[in-house]
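Take a look at the structure set out below.
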Amino acid sequence: MNYKPELKAIRQHLRTHGTPAEATLWKILKNKQFDGWRWRRQYSIDNIIIDFYCPKAKLGIELDGNHHFEAGGLIADEIKTEILHKLGIRIIHIENKTLWNTPDFVLEVIRQELNSTKAD
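Residue numbers (the working numbering): 417 to 536.
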């Protein structure tokens with residue numbers, strides 16, 4: 417279900433041409449640096465690619481730039497999130513500007529979601 421060979425080129429492109437916000441958050445999440453949790457970048461589940469995914473916690477993070485707030489982007493995000501929820505995956509949507517303006521707040525939100533996984 418998770419690995420779709422036909423999405424490999426897209427995932428690779430997204431990794432090498434990511435946004436500055438994605439690069440910033442990845443520096444924090446990679447190599448189990450963030451509270452020991454392992455994260456994947458541009459990870460595919462079914463036909464959906466998630467910016468960041470923690471398999472153990474079944475938690476995804478989507479960084480939302482301007483195009484996410486246009487009509488088509490909002491609808492696509494809702495559909496994507498609904499499909500992932502049906503698969504038991506929680507998604508956190510974080511606006512790029514929130515990451516830039518309040519990075520400590522963003523990290524605390526992620527930490528709280530991870531900690532709620534431990535309680536489950």
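We treat Cβ as the ideally placed atom computed from N, Cα and C, and that holds for glycine.
It should be emphasised that the depicted structure is a prediction, and the values quoted were computed from it without experimental measurement.
Express the C-alpha separation of residue j and residue i in angstroms, rounding to a whole number.
i	j	result
Tyr-469	Glu-524	17 Å
Lys-513	Gly-481	8 Å
Ile-507	Thr-432	23 Å
Asn-447	Ile-495	30 Å
Gly-452	Asn-531	12 Å
Leu-475	Leu-500	10 Å
Asp-493	Gln-528	22 Å
Ile-444	Trp-516	13 Å
Ile-510	Val-522	8 Å
Ile-526	Ile-491	24 Å
Thr-497	Arg-454	21 Å
Leu-441	Gln-458	12 Å
Gly-434	Leu-423	16 Å
Lys-502	Ile-465	16 Å
Phe-450	Gly-504	22 Å
Helix or strand or just coil, what does DSSP make of residue i?
i	result
Ile-507	strand
Gln-541	Examination of residue 541 is not possible in this model, given that the chain is present from 417 through 536 alone.
Phe-450	coil
His-484	Low local confidence applies: a pLDDT of 48 at His-484 is under 50, so the model's placement there is unreliable, with the coordinate-based value given in what follows. Of the three classes helix, strand and coil, the one that applies to His-484 here is helix, per DSSP.
Thr-518	coil
Sorry if obvious, but does the Cβ on residue i come closer than 7 Å to a heavy atom of the ligand PLP?
i	result
Asp-451	What this structure holds is no ligand at all, so the ligand PLP is not there to describe.
Quick test of your reading: residue i and residue j, contact by CB under 8 Å. State the CB separation rounded to the nearest angstrom.
i	j	result
Asp-467	Glu-478	5 Å
Arg-456	Pro-471	7 Å
Ala-439	Thr-533	No, Ala-439 and Thr-533 are not in contact; Cβ-Cβ is about 25 Å, not under 8 Å.
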